[in-house]
Structures are given as C-alpha cells and as structure tokens.
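As structure tokens, the structure follows; a few thoughts come after it.
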Amino acid sequence: MSTLWVGTSWKMTKTLAEAEEWAGGLRDHLAGSAPAGVQPFVIPSFTATTTVRGVLGEDSPVLLGVQNAHWEDAGAWTGEVSVPQAKDAGAQVVEIGHSERREHFGETVETTRLKVAAALRHGLTPLLCIGESAEVKESGGSSAFILEQAAGALAGLGEEELARVVIAYEPIWAIGEKGRPATVAELVDPFAALGEEYSGRVAGLLYGGSVNLDNAADLLGIEHVTGLFVGRTAWKLEGYLELLRIAAAHAAA
Ligand code: PGA
4 MSTLWVGTSW KMTKTLAEAE EWAGGLRDHL AGSAPAGVQP FVIPSFTATT
54 TVRGVLGEDS PVLLGVQNAH WEDAGAWTGE VSVPQAKDAG AQVVEIGHSE
104 RREHFGETVE TTRLKVAAAL RHGLTPLLCI GESAEVKESG GSSAFILEQA
154 AGALAGLGEE ELARVVIAYE PIWAIGEKGR PATVAELVDP FAALGEEYSG
204 RVAGLLYGGS VNLDNAADLL GIEHVTGLFV GRTAWKLEGY LELLRIAAAH
254 AAA
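In our numbering, each residue carries its 1-based index in the sequence shown increased by 3.
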C-alpha cells in the first residue's frame, strides 16, 4: 500500500509561540519516527518556517513546507519568496495552486506550471492543489476541470519528475468555513478520474476540504486516495495527532 500523506497548512494563522508549541508537541509525540505507513507534513506561514524547522530538528520524520513560492530563483519580485529561499529556511515541500491563491492572488494554471518546475528544479516536493467551484460541480464538469488543471500544471514533466509530485484534490465548495464536507459518494468519480491518470505515477493523491475526525477514515477508504491535506481540524495539535492515528490504523488494516 502507498504511504499515506497526512498534513496541514496553517494558512495565515499562528504566532511563533503557537508554532513552537504545536511543533514541539508533535516532535515529542512522534519521538523520532512517523507512524508506520504515514508521511506527516506541516506547512506553516513563511514567518514560522525556520522556527518550526528548528523545533522539529533536521532529521525529523515530519516534512516541512511553504504555502507558496515564486518560480524565479531571485530578483526584483517584491513580497515574494523563492524556492531556494524556502529551501534555505528548511522547507522540503512547496504548496502550489491552493484555491485561495488562485482566487485572491492571481494564481493561474501557467503560474502553477512554472512553480511546479521551480520546486522540482531545486529538489523540493511540489504539492499541487486542484479543485473545482460549486458552479463547475453543478454543471457536471468536475473531473474534466481538475484533470485540465493538473495536466496544465504538470505539462512537460518526465515520469521521474512526475513521481516526485503530490497532488491534492480540494474542491472549493468543500474548503474552509464557507465549505461543507464532501460526501464519499461525491468524491468517487473525481478520484477515479485522477486515479486513472495519475495513480502510481505521482507520490500521492490527497484529498482536502473540511476533513474532520468523523470523516477522515471514510475519506481514506476512497479508491486512489493516499492521504489527507487538512486545515482547521489539524490546527490544534490534538486534532492532527488524531488524524495521524486514523491514518496509521488505515495503513495497518
Ligand atoms: P479546511 O481547509 O480543512 O479548513 O477545510 C482545507 C484546505 O484549504 O486545504
């Protein structure tokens, strides 16, 4: 069975003290090793990257990520952070194309393609987020839409590069306070479509959007799902630890 990736983006939350407390609690809980069959990851705000790296330690089984990175290595791009800078700060994963960035910050299929390439060029794992709006879902076009987003972002990659990419399917209508949890039935077709194209070719096919302690086990049971990408439920360490337990039980079953 594939490794189950279970991680959280903190989005724009947590002070350094809160970041330290969460990361320190996780480090102490794991005591040097991830649950069998599970790959934990955490994606703080840029400000907390080095702090979380320091708390977790260099050899942590928990992968550390950033929520965005520019496609150029350096230059006159005020307000941006490059992949080499993210790597220098201790990051191993670059989240790319989250729907909030597409909606509010002009992320496009083309910029996601450039960013995936930049992450791969520097040896980091691109975590590509894709997902359709409620309107697209209602029109019946979910699978075609997300396949197009993925194909655009991954265009031109060889199989070896593709094998280093993680894809997170996060339907916009299921994300955050305004979202509602997706049912398993709603996710079967999109994951069948993604699985047909990418299963076994990428490092992970994750689900994200209102994952909680009640639905996590069922979501992991969907064919082709190999992990969970979580917001709110994992911002409290106890929630995240419980998700790791659920994933570990799934991996052991
Ligand atoms: P949520 O966020 O779990 O709070 O819905 C998910 C996401 O945006 O990745």
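Don't be surprised by glycine CBs; every beta carbon is placed ideally from N, CA and C.
Per-residue burial, residue 100 [other beta carbons within 10 Å of its own, 16 or more giving buried]: In the sequence shown, the residue the question calls residue 100 occupies position 97. Flag for residue 100 reads buried.
Inter-stretch contact (C-beta, 8 Å, three-pair minimum) for the region 144-164 and the region 50-69: no
Reference residue 196, options 224, 46, 228, 19, closest by Cα: Looking up residue 196 in the sequence shown gives position 193. Comparing Cα-Cα distances from residue 196 to each of 224, 46, 228, 19, the minimum goes to 228.
Assigned exposure category for residue 159 - 16 Cβ within 10 Å defines buried: Position 156 of the sequence shown, counting from 1, holds the residue named residue 159. It is exposed - the Cβ of residue 159 has fewer than 16 other Cβ atoms within 10 Å.
Closer than 7 Å: residue 179 CB and nearest ligand 1 heavy atom: As a working note, residue 179 is residue 176 in the sequence shown. Checking the Cβ of residue 179 against ligand 1 gives yes.
Within the region 41-92, ranges of the beta strand (DSSP E) (whole runs, at least 3 residues): 41-46, 66-69
Host alpha helix (DSSP H) of residue 22 (start-end): Residue numbering aside, residue 22 sits at position 19 when the sequence shown is read from its first letter. Element bounds for residue 22: 19-33.
Residue 100 - DSSP class collapsed to helix/strand/coil: In the sequence shown, the residue the question calls residue 100 occupies position 97. Three-state DSSP puts residue 100 in coil, outside helix and strand.
Rounded C-alpha distance that separates residue 57 from residue 69: As a working note, residue 57 is residue 54 in the sequence shown. As a working note, residue 69 is residue 66 in the sequence shown. Cα to Cα, the separation comes out at about 15 Å.
Near ligand 1: residue 234 beta-carbon under 7 Å from a heavy atom: Working through the sequence shown from its first residue, we reach residue 234 at position 231. Yes.
C-beta contact flag for residue 207 and residue 170 at 8 Å: Your numbering for residue 207 matches position 204 in the sequence shown. Your numbering for residue 170 matches position 167 in the sequence shown. Their beta carbons are under 8 Å apart, which means residue 207 touches residue 170 by this criterion.
Reduced DSSP secondary structure (H/G/I, E/B, other) of residue 145: Here residue 145 corresponds to residue number 142 of the sequence shown, with the count starting at 1. Helix at residue 145.
Euclidean distance between Cα positions of residue 139 and residue 113: Looking up residue 139 in the sequence shown gives position 136. Looking up residue 113 in the sequence shown gives position 110. Each residue's Cα considered, the two are about 20 Å apart.
Classification of residue 60 by the beta-carbon crowding that lies within 10 angstroms, buried from 16 upward: On the sequence shown, position 57 is the one that residue 60 refers to. Exposed is the call here.
Buried/exposed call for residue 102, threshold 16 Cβ in 10 Å: Reading the sequence shown from its first residue, position 99 is the one you call residue 102. Per the 10 Å Cβ criterion, buried.
Inter-residue spacing [alpha-carbon to alpha-carbon] between residue 73 and residue 79: For the purposes of this step, residue 73 is taken as residue 70 along the sequence shown, with counting starting at 1. For the purposes of this step, residue 79 is taken as residue 76 along the sequence shown, with counting starting at 1. When rounded, the distance between both Cα atoms is 11 Å.
Contact belief for residue 45 with residue 6 at Cβ below 8 Å, rounded distance in angstroms: Along the sequence shown, one-based indexing puts residue 45 at 42. Along the sequence shown, one-based indexing puts residue 6 at 3. No, residue 45 and residue 6 are not in contact; Cβ-Cβ is about 16 Å, not under 8 Å.
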